[in-house]
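There are 4 protein chains.
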Amino acid sequence: MTLTQNAPAPLTPADPTADQAVLIVHGRDRTGLVAAISAVLGKHEANIVSLDQHSDNPHGGAFFQRTVFSKAGLEAALPQIEHDLRVQLSEGFDLEYNLRALSVPKRVAIFASKADHCLLDLLWRHRRGELPINVAMVISNHADTAAEVRSFGIPFFHVPSSGPDKSAAEAQHLTLLAGNVDFIVLARYMQILSGEFIERVGVPIINIHHSFLPAFIGAGPYAKAKQRGVKLVGATAHYVTEDLDEGPIIEQDVVRVNHAHTVTELQRRGADVERAVLSRAVLWHAEDRVIRHGNHTIVFQ
Amino acid sequence: MTLTQNAPAPLTPADPTADQAVLIVHGRDRTGLVAAISAVLGKHEANIVSLDQHSDNPHGGAFFQRTVFSKAGLEAALPQIEHDLRVQLSEGFDLEYNLRALSVPKRVAIFASKADHCLLDLLWRHRRGELPINVAMVISNHADTAAEVRSFGIPFFHVPSSGPDKSAAEAQHLTLLAGNVDFIVLARYMQILSGEFIERVGVPIINIHHSFLPAFIGAGPYAKAKQRGVKLVGATAHYVTEDLDEGPIIEQDVVRVNHAHTVTELQRRGADVERAVLSRAVLWHAEDRVIRHGNHTIVFQ
Amino acid sequence: MTLTQNAPAPLTPADPTADQAVLIVHGRDRTGLVAAISAVLGKHEANIVSLDQHSDNPHGGAFFQRTVFSKAGLEAALPQIEHDLRVQLSEGFDLEYNLRALSVPKRVAIFASKADHCLLDLLWRHRRGELPINVAMVISNHADTAAEVRSFGIPFFHVPSSGPDKSAAEAQHLTLLAGNVDFIVLARYMQILSGEFIERVGVPIINIHHSFLPAFIGAGPYAKAKQRGVKLVGATAHYVTEDLDEGPIIEQDVVRVNHAHTVTELQRRGADVERAVLSRAVLWHAEDRVIRHGNHTIVFQ
Amino acid sequence: MTLTQNAPAPLTPADPTADQAVLIVHGRDRTGLVAAISAVLGKHEANIVSLDQHSDNPHGGAFFQRTVFSKAGLEAALPQIEHDLRVQLSEGFDLEYNLRALSVPKRVAIFASKADHCLLDLLWRHRRGELPINVAMVISNHADTAAEVRSFGIPFFHVPSSGPDKSAAEAQHLTLLAGNVDFIVLARYMQILSGEFIERVGVPIINIHHSFLPAFIGAGPYAKAKQRGVKLVGATAHYVTEDLDEGPIIEQDVVRVNHAHTVTELQRRGADVERAVLSRAVLWHAEDRVIRHGNHTIVFQ
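Residue numbers (our numbering), protein chains in the order written: chain A, 109 to 409; chain B, 109 to 409; chain C, 109 to 409; chain D, 109 to 409.
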């Protein structure tokens with residue numbers, strides 16, 4: 109399915125990510141981890157382009173490292189580099205790691221409903237070459253955006269989902285997704301995902317919601333915010349867990365509002381923040397800049 | 109007590125507020141209100157310097173207007189202007205109004221505890237002539253800031269308040285405040301005010317708190333925010349009502365934080381936002397830019 | 109041409125702008141202007157929905173007022189209201205004024221070149237009903253965006269313009285525009301307009317440019333900004349005058365950048381600010397919130 | 109002179125910087141640098157707390173690395189670590205490096221004139237323990253702030269400087285500074301430093317200026333900004349070079365303003381940004397987060 113996907117047009121003559129890979133490592137901190145990792149890379153004559161490291165406690169906390177390196181003939185060398193890292197990191201230090209060539213974009217499915225602002229912003233940025241992703245498909249419980257999505261050259265699947273029992277819809281989702289995507293983005297998808305679906309789909313899911321939570325739970329949050337006279341409206345992008353809207357936060361932002369704004373205007377300003385925040389979260393996830401740890405994230409910008 | 113108060117030094121040769129007054133009007137909207145108000149001012153040959161008006165619903169909602177006008181010989185003319193407004197507005201239209209010469213600063217008492225960032229920022233801005241207020245006194249349940257406050261030429265009263273029964277302390281507060289202040293600022297005052305105190309003191313009270321509410325209730329909000337991995341910390345200034353931390357919001361703001369910030373750094377950044385937000389709320393209240401309505405505010409900036 | 113234009117879909121069941129008009133008045137300040145204006149509106153039983161007034165100097169400066177009022181049967185009454193305002197304002201006080209029914213959107217032509225981010229953002233917001241405008245046409249010196257523009261139901265005209273002599277292209281522009289538009293938006297139109305064109309077209313022109321000016325004049329501003337190590341990139345929307353990029357500013361904004369951002373990433377972040385700033389400038393102009401005065405603007409938000 | 113300096117009060121029971129050092133390395137990028145550095149640290153059983161690395165071009169650009177590490181008994185071990193780094197980095201790779209124990213705050217002289225907002229903000233943050241610096245002295249060409257500075261327990265020196273010939277004043281400055289400070293902060297010091305002074309003093313100098321440059325050069329920038337109708341005012345902190353106001357930028361920020369703000373209010377808002385931006389620049393410099401390279405900076409936040 110992704111074979112016909114338009115690759116993002118390169119913005120620069122020479123693709124800077126050619127022959128570059130990103131390595132994420134995390135686990136229990138101990139002395140010598142940075143040296144061990146860079147020794148493996150050095151042995152392969154890989155050049156470190158950027159390296160961000162964080163320990164949440166210098167005395168026995170958790171260790172996080174993101175390394176981008178370049179190596180001529182990366183594709184051929186990657187299996188051996190991975191083998192050496194596995195020996196050093198998994199077996200030597202009991203660390204988790206993830207190694208990926210940057211030239212291979214992550215494959216994503218976008219779930220949407222009627223509101224199209226987040227969906228279109230992602231498709232549009234993708235077409236401009238701003239997002240290193242491969243949009244495998246858009247799935248929606250409404251048919252409204254089908255023509256628009258397909259005009260971007262992206263497959264659109266309409267999977268209706270009404271009533272409390274989502275099992276039929278979720279079964280269809282799993283069929284479409286299996287093996288085809290590396291992560292999922294809920295671009296204002298107004299359906300709750302079951303815990304079983306989250307577990308079975310097995311890839312990270314990014315969601316966007318307004319930032320009033322837990323202040324204005326339930327329907328009509330902007331009307332409640334108007335009544336409360338808030339001076340800021342915002343949005344939060346987070347990974348989906350079984351605790352609805354409570355998963356690890358990736359990004360947040362706000363905009364100013366005032367008493368003269370109607371509920372409709374609050375919603376519009378909120379929509380602007382939502383699409384900006386979601387696009388940053390998707391970009392950072394696609395570039396492997398986000399590491400989950402407990403119920404929070406490390407974001408190496 | 110306020111006789112010895114240092115007046116804010118004028119920043120410009122000619123005080124722009126001399127011979128200026130501010131008029132606040134609010135009530136049920138109906139046709140002809142702006143015309144009626146400006147007719148009274150026109151009759152007195154007062155020149156309107158700025159006028160902000162807002163109706164929350166063009167069909168029978170609430171009406172809010174802030175007018176600043178200048179008039180040569182304001183002091184002598186004010187009683188007659190007020191009389192004419194009363195006849196027109198209170199009696200003719202059943203509106204509430206407030207009229208005040210801008211050259212007379214509002215008198216304020218600042219309540220503080222150990223944390224001094226909000227207190228010092230207010231005193232410092234006041235000394236620089238940025239706040240059109242007269243700081244009548246600082247009241248604290250700790251003696252730590254006495255010397256610093258007095259170095260600004262401002263009376264400091266230490267009123268200890270421990271244990272659940274605040275009645276003795278609050279009685280002392282009322283004695284100090286009675287007739288001396290036009291509003292109160294809680295500059296990180298870490299004691300809860302009783303409903304009885306709020307009612308008996310009879311002047312508006314402005315409070316500042318971190319903006320996580322209602323997310324991280326209780327002790328250690330920044331530690332909880334750290335654990336949750338928030339990407340923004342903020343502050344909210346609001347009027348105090350009996351519903352703790354739930355009164356009408358005057359101003360809010362946020363700053364970005366990231367995973368590398370410790371709880372101490374979150375607190376410092378939070379303190380920076382707190383003092384900025386509180387100083388804006390105090391300025392706007394002092395300039396009669398804030399109108400309370402239900403549980404929200406109209407802020408004419 | 110505009111007959112087939114899709115009207116923005118109403119977002120709310122009852123259009124709040126039905127039977128509403130906006131009145132802009134400006135000129136030399138003197139006592140009694142607000143009263144005179146509201147007396148005319150009161151005589152017609154028009155209800156003032158919002159009123160913003162500003163004097164840039166209480167002693168003989170300039171006067172600016174924006175009034176939104178509602179009146180049942182507005183369309184029928186407008187000519188008589190306008191007549192009475194003319195008698196009062198133009199003849200009585202020598203003021204300039206502009207009166208317009210809010211239900212009639214302003215007609216705009218958008219000029220674009222190859223970069224499509226500002227163009228598409230405007231078309232998209234328009235389709236969502238966020239901009240009270242009627243997009244009469246898009247004119248471009250490149251044909252690239254023709255299909256996309258027409259997919260929004262908007263006429264696209266390709267007017268090539270190369271070489272230093274723009275007179276043929278500008279003549280064609282004038283033919284297309286004459287009588288059809290109320291203002292023009294340059295959405296990253298990379299051609300300089302002649303002073304003669306600006307004068308002959310006779311409607312306001314809004315432009316957007318990066319905010320480094322006058323720092324990084326000429327080609328490659330982002331490369332220069334990268335070399336200088338700026339920590340913010342921004343955008344400015346302004347009215348076009350003969351002094352290139354020096355006309356009255358309508359809106360400005362910035363985003364943070366850092367040393368790790370490449371020139372391409374600076375451009376992307378710059379593009380995000382550009383489209384946000386331009387869309388706010390267009391909205392405010394379309395709602396008659398912007399008054400030009402000398403080389404600056406009064407913006408009533 | 110610095111012996112009597114109040115050390116910043118620790119905010120947390122256990123000082124997190126005890127036994128921690130910061131290492132800055134920069135020079136020409138080549139394969140193996142990170143490995144070489146971490147090998148030296150690993151040999152000494154130092155634990156890397158945080159590591160930020162940046163290459164401005166993966167193919168033969170410049171290399172920048174900031175490493176914070178902890179080591180039990182740091183003080184005793186530091187000379188040997190430095191020796192090993194010198195052998196590895198200076199001699200092996202021709203890199204520049206800087207190694208410093210974090211528990212030893214940098215010593216700073218603050219230069220000020222009449223405006224006290226930046227000066228007081230630094231002294232106040234320092235007293236609160238927010239800035240890991242040792243304020244060795246304040247030097248001013250005006251005596252106005254002497255008492256206030258000394259109330260913070262900090263020496264104040266009044267060095268008048270009038271007329272075009274600064275050589276006498278600068279000679280006195282050099283006498284006061286020689287051997288006593290690690291960097292200088294110009295906290296709105298309204299005198300131009302000679303190129304000879306900058307060279308002879310031999311330590312980094314941080315300056316703060318409004319961000320309109322080069323737009324509104326010379327006297328009265330805020331009056332010019334008001335006339336131009338800018339919608340943002342800002343501030344830039346930078347290292348001082350012989351090119352006045354053109355040195356490497358450390359930090360920038362802005363605040364929104366509008367047409368209703370007077371020149372005085374623009375100045376106040378500008379002052380708020382100035383003190384915020386300067387305090388961040390001083391903090392980052394004090395924590396060795398800023399690396400100068402050509403005419404720009406790498407800031408590892």
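Yeah, the Cβ is synthetic: ideal placement off N, Cα and C, and Gly gets one too. Remember, predicted model here, so these are calculated numbers, not experimental data.
7 Å Cβ shell around residue i - same chain, five flanking residues per side excluded
i, result
"F408 of chain D", "D160, R174 and R397"
"D361 of chain D", "G342, A343, V381, A384 and V385"
"A126 of chain B", "S211"
"R233 of chain B", "L239 and S387"
Cut-off 8 Å between Cβ atoms - residues of its own chain near residue i, not counting five sequence neighbours on either side
i, result
"Q188 of chain A", "H152"
"L282 of chain D", "F305, R308 and V309"
"N417 of chain C", "In the structure displayed, chain C extends from 109 to 409; residue 417 of chain C sits before or after that span and is not available."
Beta-carbon proximity of residue i to residue j, cut-off 9 Å
i, j, result
"P268 of chain A", "N242 of chain A", "no"
"A170 of chain D", "R194 of chain D", "no"
"G303 of chain D", "E350 of chain D", "yes"
"H266 of chain D", "A254 of chain D", "yes"
"A389 of chain B", "I292 of chain B", "no"
"S158 of chain B", "H404 of chain C", "no"
For residue i, three-class secondary structure by DSSP
i, result
"P121 of chain B", "For P121 of chain B, the predicted structure reports a pLDDT of 41, less than 50, and the residue's modelled location is therefore unreliable. The matter cannot be settled from this model."
"T112 of chain B", "In this prediction, T112 of chain B has a pLDDT of 35, which is less than 50 and means its spatial position is unreliable; nothing more can be read from the coordinates."
"D380 of chain D", "helix"
"T349 of chain B", "coil"
"H317 of chain A", "strand"
"R336 of chain C", "helix"
"D192 of chain D", "helix"
"V267 of chain D", "coil"
"T372 of chain A", "helix"
"E395 of chain B", "coil"
"F201 of chain A", "helix"
"V289 of chain A", "coil"
Endpoints, beta strand (DSSP E) assigned at residue i
i, result
"K179 of chain A", "K179 of chain A -> no beta strand (DSSP E), and no H or E assigned at all."
"R400 of chain A", "V398 to H401"
"V142 of chain B", "From DSSP, V142 of chain B is part of no beta strand (DSSP E) but of the alpha helix (DSSP H) over L141 to K151."
"T405 of chain D", "H404 to V407"
"V362 of chain C", "I357 to R364"
"I241 of chain C", "I241 to S248"
"A220 of chain B", "K214 to A220"
"R208 of chain C", "E204 to A209"
"S158 of chain B", "N155 to S163"
Proximal residues to residue i (C-beta, below 6 Å), its chain only, five neighbours per side dropped
i, result
"P121 of chain A", "Confidence in P121 of chain A is poor, its pLDDT being 41 and thus under 50, which makes the residue's placement too unreliable to answer from."
"F219 of chain C", "I247, L294 and Y297"
"A154 of chain A", "F177 and K179"
"P329 of chain B", "H318 and F320"
"A277 of chain B", "V267 and S269"
Contact test: residue i Cβ vs the ligand GDP heavy atom, cutoff 8 Å
i, result
"E307 of chain B", "Among the ligands in the structure shown, none appear at all, so the ligand GDP cannot be discussed."
Inter-residue CB distance, residue i and residue j (contact presumed, cutoff 8 Å)
i, j, result
"L285 of chain D", "A345 of chain D", "Not a contact, Cβ separation roughly 20 Å."
"L207 of chain A", "L131 of chain A", "5 Å"
"D229 of chain D", "S387 of chain D", "6 Å"
Residue range of the alpha helix (DSSP H) that includes residue i
i, result
"L284 of chain C", "S275 to L285"
"F305 of chain C", "G303 to V309"
"L230 of chain D", "H225 to R235"
"R258 of chain C", "A254 to S259"
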